[in-house]
């Protein structure tokens, strides 16, 4: 409940498992409360297809609409109608419970530490409002309760904590992740390991071209910047994650290959001295993330 400095100077904070479980776990955590909205029941699968046809895919494919009429209710398939007022009340109660738990946790930690403890509680943004519909409401209640209903704890950022405690132990943390078993098995196993030799090759290719064109301009500059975008998109951990899960594996494969092929084509054109401007413009319109990217980061 205090950071360390890596030999490189980067500060590392440990994630609090208790806070994670209380909020993220759909079984033991708050999102599983029976009064909250049921994520897995959507009108796309509850209503007659004839009624839905004007509002869904023209081929009649049922896809989630976001309209969900039921609350979790229980573990069975029989669900009752969602009551927003009940859910709002629970969100307030759960925010108060979380705050109380953190106060007790801080009190205990403070009794055995020579500084103020910091509880690091990061979550995937998609939890709030997507998987847990009431998540943003819970956050709103929590922030207000911490600000107005008590004085024992406060919200802070990692940077603010380091400003208050700039001297910390130097150590090298073990490699770890939030994935299964706490290591990297989710992203490196027999279902997805084939991507890495291609990703490494793409990174080396990008590095070589960036170093050989340190002051690029014109089409070469645009191609190098787009190549950097394609490499970063190919390296997105989502693809390996999806391949491991088997969910949308074909899509993950296609995205990985597409971005690497675009990168390779652009780098080959730069080396040959002739960038296809029309094709480059098309790719730029499709993959327009990171508008301020600096390809020299790969030098």
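Residue numbers (my numbering): 103 to 401.
Yeah, the Cβ is synthetic: ideal placement off N, Cα and C, and Gly gets one too.
Remember, it's a predicted structure, so these values are computed and weren't measured experimentally.
Residue i - partner residues in DSSP beta bridges
| i | result |
| --- | --- |
| residue 234 | 230 |
| residue 113 | 107 |
DSSP state of residue i mapped onto helix, strand, coil
| i | result |
| --- | --- |
| residue 143 | coil |
| residue 169 | coil |
| residue 222 | strand |
| residue 183 | strand |
| residue 377 | coil |
| residue 163 | coil |
| residue 272 | strand |
| residue 122 | helix |
| residue 251 | coil |
| residue 176 | coil |
| residue 199 | helix |
| residue 317 | coil |
| residue 132 | helix |
| residue 208 | helix |
| residue 148 | helix |
| residue 243 | helix |
| residue 215 | coil |
| residue 279 | coil |
| residue 293 | coil |
| residue 385 | helix |
| residue 285 | coil |
| residue 397 | helix |
| residue 157 | helix |
| residue 267 | coil |
Continuous alpha helix (DSSP H) stretch holding residue i: start and end
| i | result |
| --- | --- |
| residue 329 | 320-336 |
| residue 359 | 351-374 |
| residue 308 | 297-314 |
| residue 342 | 339-347 |
| residue 257 | Unbroken run through residue 257: none, as it is neither H nor E. |
| residue 152 | 151-154 |
Residue i vs residue j beta-carbon contact at 9 Å
| i | j | result |
| --- | --- | --- |
| residue 213 | residue 108 | no |
| residue 260 | residue 104 | no |
| residue 88 | residue 332 | Nothing can be reported for residue 88, as the shown portion of the chain is limited to 103 through 401. |
| residue 173 | residue 132 | no |
| residue 141 | residue 233 | yes |
| residue 106 | residue 270 | yes |
| residue 121 | residue 206 | no |
| residue 162 | residue 155 | yes |
| residue 181 | residue 236 | no |
| residue 345 | residue 355 | yes |
| residue 211 | residue 224 | no |
| residue 326 | residue 312 | yes |
| residue 340 | residue 364 | no |
| residue 251 | residue 284 | no |
| residue 328 | residue 301 | no |
| residue 239 | residue 189 | yes |
| residue 209 | residue 249 | no |
Whole-angstrom C-beta distance between residue j and residue i, which should lie under 8 Å
| i | j | result |
| --- | --- | --- |
| residue 230 | residue 241 | 6 Å |
| residue 322 | residue 372 | 6 Å |
| residue 304 | residue 336 | 6 Å |
| residue 398 | residue 268 | At roughly 31 Å, the Cβ-Cβ gap does not stay under 8 Å, so residue 398 and residue 268 are not in contact. |
| residue 117 | residue 222 | 5 Å |
| residue 146 | residue 164 | 5 Å |
| residue 297 | residue 342 | 6 Å |
| residue 144 | residue 166 | 5 Å |
| residue 366 | residue 307 | 7 Å |
Closer than 8 Å: residue i CB and nearest the ligand ADP heavy atom
| i | result |
| --- | --- |
| residue 134 | Among the ligands in the structure shown, none appear at all, so the ligand ADP cannot be discussed. |
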